[in-house]
Amino acid sequence: MSESVSTASVSFSTAFTRRVAAFAELGKDRILALVLVVTSVGFALAAQEHSSVNLLALVHALVGTALVAAGANALNQVLESTFDARMIRTQDRPVPSGRLTRREALAFGLTCGASGLLYLALQTNALTCLIAGGTLVSY
């Protein structure tokens with residue numbers, strides 16, 4: 001009996017890990033990393049007029065930007081899932097491969113995007129939030 005409980009625990013753990021990995025894949029971590037590097041460089045260039053960089057403000061900008069970018073990437077995959085299913089290069093993405101449903105990916109994208117915009121609005125400023133919102137909609 002304990003062997004079946006152990007097997008069930010491993011199965012649940014493996015399934016949970018795979019689902020988390022599928023959601024993380026929606027955010028496209030390499031693109032996300034590039035966006036955050038560009039954000040950091042832009043922040044540093046803008047801070048040249050001041051004597052030092054406000055690290056807390058930078059962290060807030062990066063957190064909000066990461067959420068918005070992950071949301072935009074996920075929403076893009078939802079919109080393009082039928083095309084992605086036809087191309088060999090993209091057919092293993094979470095939605096076309098069936099690891100996530102369109103509804104799950106849409107909920108993830110909207111949640112990340114909206115929470116990123118809210119975070120930016122509360123922790124940075126309106127202009128940053130508006131630029132991120134424009135990027136979210138246009139991507």
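Numbering (the numbering used here), first residue to last: 1 to 139. Just so you know, even glycine gets a beta-carbon here, dropped at the ideal spot from N, CA and C. All values reported here derive from a predicted model rather than from experimental measurement.
- Query: Can you tell me whether R93 is buried or exposed, with buried defined as 16 or more other CB within 10 angstroms of its CB?
  - Reply: buried
- Query: Which term fits V137, buried or exposed, when burial requires 16 or more other beta carbons within 10 angstroms of its beta carbon?
  - Reply: exposed
- Message: If I measure Cβ to Cβ from V46 and keep anything under 7 Å in the same chain, skipping five residues before and after, which residues do I get?
- Response: Per the sequence shown, the amino acid found at residue 46 is Ala instead of Val. If we look at A46 and ignore the five residues flanking it on each side, it has no Cβ neighbours.
- Query: Under a three-way DSSP split, which group does H60 fall into?
  - Reply: helix
- Task: Report the rounded CA-to-CA distance for T124 versus L67, giving the unit in angstroms.
- Result: 14 Å
- Tell me whether T65 sits in a helix, a strand or coil according to DSSP, three-state version. helix
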